[in-house]
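If you're matching positions, the sequence shown starts at 4 in our numbering and goes up one per residue. C-beta atoms are modelled at their ideal positions from N, C-alpha and C, and glycine is treated no differently. Values in this document were obtained by computation on a predicted structure and should not be read as measured data.
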Amino acid sequence: MALTRKTCLVTGCSAGGVGPAFAEAFKNKGYHVFATARTPSKVPQSLHDAPNVTVIALDVTSMESISSALEEVRKHTEKLDVLINNAGLGLNMPGLDTSIDEAKKLFDLNFFGVLAMMQAFSPMLVAARGCVVNNSSVGGVVPFAFSSIYNATKAALIQAGETWRLEMAPLGVRVISLITGGIATKFFINLQILTFPENSYYHSVKDIIEEIPEENPYGMKPELFAQDVLNQVEKGTTGKHWVGGGASLVRWALWLLPQGAIVRISL
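Structure, rendered in structure tokens:
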């Protein structure tokens, strides 16, 4: 049966991340939410039990999985009002020590997975005159040391998002690029740390690179973060939106401070 209420699809809804908070916020606003994750059993049970939530298996790095998810969504609706590209992963490792294969895998998830989702769901977004929300990071604008590949994926997502915003505006579709600061999730715990090669130049600081805090000291509560994003979607925002712990501080620092000071902050 076709849905009459607004619809929202969220990628990366496994427990411990911000995806479930997105799903809860839009569900509570009356949207029918398609909560997706590579492993549906990792989606919180509260979302499985909600009448206006459909949990779907989705791996954004697999075209076959995206096609399958698209067909499942089409069983419920012909339009998609909001697509939240949230699935992603971090990586702490010096660029010189990151294999090209691992770097490509991260780009496949953090960047190309977003593009693939937009391409697949574009007819439904255009039909709804909908909105795409891409969850990027302050790492895309600040060169945090030992996160070069992650930073690059997020920088690419920001720049592409701003271009997609211009390209999709004539189609009636808005694109919001979240420049996300700290969120109180398990992001750091789930951070990838690859095996250091024996000949790494960075063995003397290996312990520092691998030291991961249990939580972000500047972390905004996920539910507050998700509510802020919902508000931006509802009021018609488009383009960059700085949100999350420390995001506004970073924004002002980039504007006010010289490049040398930004580099010192990044180390």
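- DSSP places Lys78 outside both helix and strand once states are collapsed to three, so it counts as coil.
- In this structure, Val63 and Ala38 do not form a Cβ contact; the two beta carbons are roughly 14 Å apart against a cut-off of 8 Å.
- Using a C-beta cut-off of 8 Å, the segment 131-148 makes contact with the segment 172-184, since at least three inter-stretch Cβ pairs fall below that distance.
- Ala60: member of the beta strand (DSSP E) spanning Val56 to Ala60, first to last residue.
- Secondary structure remark: continuous alpha helix (DSSP H) runs of at least 4 residues inside the segment 82-120, in chain order: 103-110.
- Within its own chain, the residues whose Cβ lies closer than 6 Å to the Cβ of Leu94, once the five positions on either side in sequence are excluded, are Leu109, Ile152, Tyr153 and Gln195, listed in chain order.
- If you draw a 10 Å sphere on the C-beta of Asn89, you find 16 or more other C-beta atoms in it, and that means buried.
- For Lys157, the uninterrupted alpha helix (DSSP H) segment begins and ends at Ser151 to Met171.
- Looking at the backbone, the Cα of Arg254 and that of Phe199 are separated by about 33 Å.
- By the neighbour-count definition (other C-beta atoms within 10 Å, threshold 16), Gly33 is an exposed residue.
- The beta carbon of Ala28 lies closer than 6 Å to those of Ala229, Gln230 and Leu233 in the same chain, with the five residues before and after it left out.
- When Glu201, Thr183, Arg41 and Ile211 are compared, the shortest CA-CA separation from Gly222 is found for Thr183.
- In the DSSP annotation of this structure, the continuous segment of the alpha helix (DSSP H) that includes Lys30 starts and ends at Gly22 to Asn31.
- Gly242 is bridged by DSSP to Ile179.
- Annotated as distal: Lys78 and Ala130, with beta-carbon spacing of 8 Å or more.
- The beta-carbon distance between Leu12 and Ile87, rounded to whole angstroms, is 7 Å. This is short enough to meet the 8 Å contact definition.
- Under DSSP, Thr39 forms a beta bridge with Ile59.
- Taking all protein chains shown into account, His51 has fewer than 16 neighbouring C-beta atoms within 10 Å of its C-beta and is therefore exposed.
- DSSP, read as helix, strand or coil, puts Val129 in helix.
- In this structure, the CA atom of Phe124 is about 16 Å from the CA atom of Gly164.
- Beta-bridge annotation (DSSP): Met223 is paired with Ile186.
- In the DSSP annotation of this structure, the continuous segment of the beta strand (DSSP E) that includes Leu12 starts and ends at Thr10 to Val13.
- In this model, Trp167 and Ser207 are separated by some 42 Å (Cα to Cα).
- At least 8 Å separates the beta-carbon of Phe114 from that of Ala40.
- Excluding residues up to 5 positions away in sequence, Val63, Thr64 and Ala90 lie with their Cβ nearer than 7 Å to the Cβ of Gly116 in the same chain.
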